[in-house]
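Q:
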Amino acid sequence: MTIKKSLFALIAGLAISDPAYADARNVVLVHGATMDGSGWRQVYDILKIRGLSVSVVQLPHTSLAYDIAATRLVLKQQIGPTVLVGHSYGGAVITEAGSEDTVKAMVYVAALQPDKGENLTELSQRFPMKIDMKMLDNQSFVPSPNTYHDSIGSDLPTDVTDFMSASAKAMTLEPYLTRFQHAAWHAKPTFGIVTTQDKVIPPALLRWMYKRAGTETTDIVSSHMVYMSHPKETADVILKAVASVD
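Numbering (the numbering used here), first residue to last: 123 to 368.
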């Protein structure tokens, strides 16, 4: 069999398998700034046990547009209704990417929730965010290693936050200066987690954004990294969003 025939056979086989997933409930998880998708593992496992199809986005962090595009690529792989979940900066990403037709509900996990026409710098100035940054050049940064544990994940073991700091992905300032073109939360149901011990995004800012958007809110006594320190409670909010989808 030629390479071309083998490729066509493979594609045909994949196409035949698609209808089996037509009734699946899908969850797509989006991480925050300077991180990657691996932190979602415990939430992923809980949702999989509940029979959901779960995908995790890996944001490139080269620009807001590329982060949104990466999320949309994962959304295009979903068949059927999808709940889109974002943590921290990931909330800003899902605010744009959530306009995809397959997205039926969104979950903001200690997440930024901008409106059309806003940028994240303006939004955060309402209740200033409290995080020390280490600038790598005039455009890129990572969280300061010296304060990483106390400011970002104080309820996680220090060996975990040490590794998170050591593996932090450089983030550019561009996404914080770019104005948003859409805000999907105007048209779709939203659920939000307020992390009451958050030292990155002030709980007052989370409450203000969620109230403005009509978001159904759940308080969790947690640091900013709630989906790692409280995976069950985080999964429960996601499952509530899943249950809201007709």
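Using N, Cα and C, we set each Cβ at its ideal position, and we do this for glycine too.
All values reported here derive from a predicted model rather than from experimental measurement.
1) Among V176, I216, A233, which one has its Cα closest to the Cα of L328?
2) Pull up the CB-CB distance for M251 and P265, whole angstroms please, since I reckon it's below 8 angstroms.
3) Leaving out five residues on either side along the sequence, give the residues of the same chain with a beta carbon under 6 angstroms from the beta carbon of Q164.
4) In whole angstroms, what is the alpha-carbon distance linking T312 and E240?
5) Going by DSSP, name the residue or residues bridged to I315.
6) Keeping to the same chain, check which residues put their C-beta closer than 8 angstroms to that of A292; ignore five residues upstream and five downstream.
7) Any idea what DSSP makes of H209, helix, strand or coil?
8) In whole angstroms, what is the alpha-carbon distance linking L245 and P236?
9) By DSSP's criteria, P324 is part of a beta bridge. Which residues make up the other side?
10) Can at least three beta-carbon pairs, one atom from the region 342-352 and one from the region 176-196, be found at a separation below 8 angstroms?
11) Between the alpha carbons of M286 and S221, how many angstroms are there, rounded?
12) Nearest CA to the CA of W307: which residue from K170, T193, I168, A214?
A: In brief:
1) Of V176, I216, A233, the residue nearest in Cα terms is A233.
2) Rounded to the nearest angstrom, the Cβ distance from M251 to P265 is 11 angstroms, too far for a contact under 8 angstroms.
3) Counting only Cβ-Cβ distances below 6 angstroms, and skipping sequence neighbours, we find P353.
4) For T312 and E240, the gap between their C-alpha atoms comes out near 19 angstroms.
5) Answer by DSSP bridge pairing, in chain order: V231, T340.
6) Apart from sequence neighbours up to five positions away, the residues of its chain that approach A292 with a beta-carbon distance below 8 angstroms are T156, H183, L258, S262, F263, V264, ordered along the chain.
7) Collapsing the DSSP output to three states places H209 in a strand.
8) L245 and P236 have their alpha carbons spaced roughly 7 angstroms apart.
9) Under DSSP, no beta-bridge partner is assigned to P324.
10) Taking a contact to require three or more Cβ pairs closer than 8 angstroms, the region 342-352 and the region 176-196 do not qualify as touching.
11) Straight-line measurement puts the Cα of S221 at about 31 angstroms from the Cα of M286.
12) For W307, the nearest C-alpha among the options comes from A214.
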